[in-house]
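So the structure is just underneath, and the comments pick up after that.
In this note's numbering, the protein residues as written are 72 to 351.
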């Protein structure tokens with residue numbers, strides 16, 4: 072939102088809670104109160120809107136907020152409203168590895184949402200990012216809290232699966248290019264940073280930036296999965312859910328030059344990005 076304001080875009084935000092609505096209004100932002108999982112609450116939300124940026128998503132299910140209800144039904148409702156309102160371009164934030172045949176409910180429903188967007192008849196852009204890191208990213212925050220609190224730094228399994236973290240500011244730069252020229256960025260784009268790092272390197276990089284000297288300890292994946300099933304319901308700083316632990320057993324990477332090839336600039340490296348927001 073800050074980037075949109077800085078670049079003088081006129082935009083409207085959909086807010087699900089009174090707290091979010093109040094915070095947005097205090098910034099002078101046009102707000103529509105609604106919930107994409109309840110179609111009648113978003114009627115009129117996209118009136119006079121040319122471009123939709125659909126970022127709504129969850130990484131774990133809680134109560135009625137399931138992957139199906141949020142990713143699939145929510146996207147279906149938003150597309151229906153976009154078609155009614157005559158939206159000219161639709162952006163959807165998916166995930167690297169999205170696949171309708173995936174065992175993962177998260178990745179499977181992301182792929183289903185992609186299909187809804189792609190078959191809507193509205194010109195579209197879909198981003199499939201790897202891990203997005205930045206001031207507000209929940210993964211890094213939970214991992215940082217764990218490093219602070221735990222006497223040792225636990226790593227699930229051998230920690231050799233690879234991720235390709237991209238800094239949120241670089242993601243925003245890609246998004247702004249799409250906004251400026253939507254016809255130039257139709258289709259699906261895999262988004263990743265300039266490094267393919269193992270989970271070991273992700274954790275060590277964060278510990279280094281935090282100046283933590285704690286010992287890194289590998290814990291058998293089976294034990295972690297069992298513990299996560301219990302602990303994720305009671306420990307708020309657990310960095311990964313049981314499903315995310317399974318996802319950590321596979322690589323989540325794309326072309327290391329994807330951003331440079333498609334958007335014309337080189338994103339910053341992982342530790343350089345961390346230094347921009349950790350300990351600040």
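From the three backbone atoms N, C-alpha and C, an ideal C-beta is built for every residue, glycine too.
Since we're looking at a predicted model, the values are computed, not measured.
- In terms of Cβ geometry, residue 144 and residue 180 do not form a close pair [threshold 7 Å].
- Here the stretch 245 to 263 makes no contact with the stretch 272 to 290; the two share fewer than three CB pairs at distances below 8 Å.
- Here the stretch 330 to 338 makes no contact with the stretch 267 to 278; the two share fewer than three CB pairs at distances below 8 Å.
- In this structure, the alpha-carbon of residue 274 lies about 8 Å from that of residue 214.
- In the DSSP assignment, no residue is bridged to residue 348.
- Beyond the five residues adjoining it in sequence on each side, residue 103 comes within less than 8 Å, by CB distance, of 83, 84, 85, 86, 113, 115 and 116 in the same chain, given in chain order.
- With a threshold of 16 other beta carbon atoms within 10 Å, residue 199 meets it and is buried.
- By the Cβ-count criterion, residue 328 is exposed, with fewer than 16 other Cβ atoms from all chains shown falling within 10 Å of its own Cβ.
- By the CB criterion at 7 Å, residue 150 and residue 187 fall inside the cutoff.
- Counting only runs of 4+ residues, the alpha helix (DSSP H) found wholly inside the stretch 143 to 197 occupies 145 to 156 and 176 to 189, in chain order.
- In the DSSP annotation of this structure, the continuous segment of the beta strand (DSSP E) that includes residue 288 starts and ends at 287 to 290.
- Residue 201 and residue 340 have their alpha carbons spaced roughly 14 Å apart.
- Residue 323 sits in a strand when the DSSP states are folded into three classes.
- CA-to-CA, the gap between residue 226 and residue 322 works out to about 16 Å.
- Between the C-alpha atoms of residue 259 and residue 174 there is a straight-line separation of about 22 Å.
- One alpha carbon belongs to residue 106, the other to residue 210, and they sit about 24 Å apart.
- Secondary structure of residue 86 (DSSP, three-state): strand.
- Around the Cβ of residue 297, a 10 Å sphere holds fewer than 16 other Cβ atoms; the residue is exposed.
- Within its own chain, the residues whose Cβ lies closer than 7 Å to the Cβ of residue 78, once the five positions on either side in sequence are excluded, are 247, listed in chain order.
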